Amino acid sequence: MTTVINIDKSLSPIYIVSINRPHRKNAVDRATAIALHDAFRQFDQDDTFSVAILQGLGNTFCAGADLKAMMQNGKRDEKTGNPMNEDMNEIAPMGCTRLQLSKPVIAAISGHAVAGGLELAIWCDLRVADSTAKFGVFCRMRGVPLIDGGTVRLPRLIGLSAASDMILTGREITADEAKQINLINYLTKSGAKNAAFDEALRVARLIASHPQTCLRNDRQSMLRNMNQHSELEMMAHEFKFGVDTLQAKGFGVDVQKFLDRSKL
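Under the numbering used here, the sequence shown has 241 at position 229, and the numbering climbs by one with no breaks.
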């Protein structure tokens, strides 16, 4: 049986997590979300590993939440019948995005990192992309909210103005533009297969070569000092507004139109 999340420990101290649903453009259903959450919990608890790399197998990093699975199998609000997460403390729709790890994660991005896939990418400490990478809040066109840290982390990374552009328009951002607005840290244009992963591995090995206690403490200090409010508090606000959207009358109409059109 094919696993939805592959874990490769052969390059220790680098821990590699791969989303393995290329037939669904690596969209995340509930089983994949749970597997992602568990994979990164294991990474954080295993002293053997210093840095993780997250990638998507095939030609897509991650297309976001699996909307077909969400509409067919997701939990439902008792009043509206709309799909929803019942509790902020549950595993997030994209799996790992509410985890606050003690060690860094690098996203190796090839192809689309959109909607929840964008939220996965910006959950990571660093982002490495190749020239095929595309970014965007594509869920804007479906009426699906950012509920995995997108409204919290995107303004931190690229500033309110650029984040507003992405969140309000839902337009596609190319790899070149992503580098210009600091959405990604490294852009490789070698054209070689697995170029993004190879560059991410190079960066991961550099990070792993440093004294880890100092590195992790400085990382934690940096993250905690970024804002007066904790990230979890800010994500709780995002969650509340997201649930309001999911419970709204008419939610899912545009999702269903998209599914009917694309025949997913």
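Backbone N, C-alpha and C define an ideal beta-carbon position, used for all residues, glycine too.
None of the values given here were measured: they were computed from a predicted structure.
Query	Result
Tell me whether Asn194 sits in a helix, a strand or coil according to DSSP, three-state version.	coil
So which of Gly123, Asp20 and Leu258 has the shortest CA-CA distance to Thr60?	Asp20
Using DSSP with H/G/I as helix, E/B as strand and the rest coil, what is Leu294?	Because the chain here runs from 13 to 276, residue 294 falls outside it and cannot be looked at.
Which residue's Cα is closest to the Cα of Cys151: Lys205, Thr163, Ala141 and Arg231?	Thr163
Can you grab the Cα-Cα spacing for the pair Lys205 / Ser122, in whole Å?	10 Å
Among the candidates Asp272, Arg33 and Met106, whose CA atom is the shortest distance from the CA of Asn18?	Arg33
My assumption, with CB atoms under 8 Å, is that Val117 sits in contact with Asp137. Please give the rounded CB distance.	6 Å
Alpha carbons only, please: which of Ser22, Tyr27 and Gln268 is nearest the one belonging to Ala216?	Tyr27
Leu286 to Arg53, Cα distance in whole Å?	The requested residue 286 does not occur in the structure, where the chain is confined to residues 13 to 276.
At what residues does the alpha helix (DSSP H) containing Ser221 begin and finish?	Run containing Ser221: none; DSSP gives neither H nor E here.
I need the straight-line Cα distance from Ala43 to Asp50, nearest angstrom please.	11 Å
Out of Ile31, Pro25, Asp256 and Ala64, which has the shortest C-alpha to C-alpha gap to Thr72?	Ile31
Evaluate the contact criterion for the stretch 170-178 versus the stretch 226-246: three or more CB pairs, one atom per stretch, below 8 Å.	no
Considering only C-alpha positions, which residue in the set Ile179, Glu211, Gly155 and Thr181 is nearest to Leu65?	Inspection of the sequence shows that residue 65 is occupied by Ile rather than by Leu. Minimum Cα distance to Ile65 is reached at Glu211.
Would you decide whether His124 is buried or exposed? Buried here means 16 or more other CB atoms lie within 10 Å of its CB.	buried
Smallest Cα separation from Leu69: which of Asp56, Val29 and Arg214?	Val29
From Leu258, Ser274 and Arg273, pick the residue whose C-alpha is nearest to that of Met82; which is it?	Leu258
Going along the chain, which residues of its own chain have a beta-carbon closer than 6 Å to the beta-carbon of Ala190, five neighbours each way excluded?	Phe147 and Ile196
Output the distance between the C-alpha atoms of Gly182 and His249, rounded to the nearest integer angstrom.	21 Å
Around the Cβ of Met106, are there at least 16 other Cβ atoms within 10 angstroms (buried) or fewer (exposed)?	buried
Closest to Lys201 by C-alpha separation, out of Leu213, Ala187 and Arg214, would be which residue?	Ala187
Who are the Cβ neighbours of Pro167 in its own chain at under 6 Å, not counting the five residues just before and after it?	Ala175
To which residues does DSSP link Thr200 through a beta bridge?	Asp142
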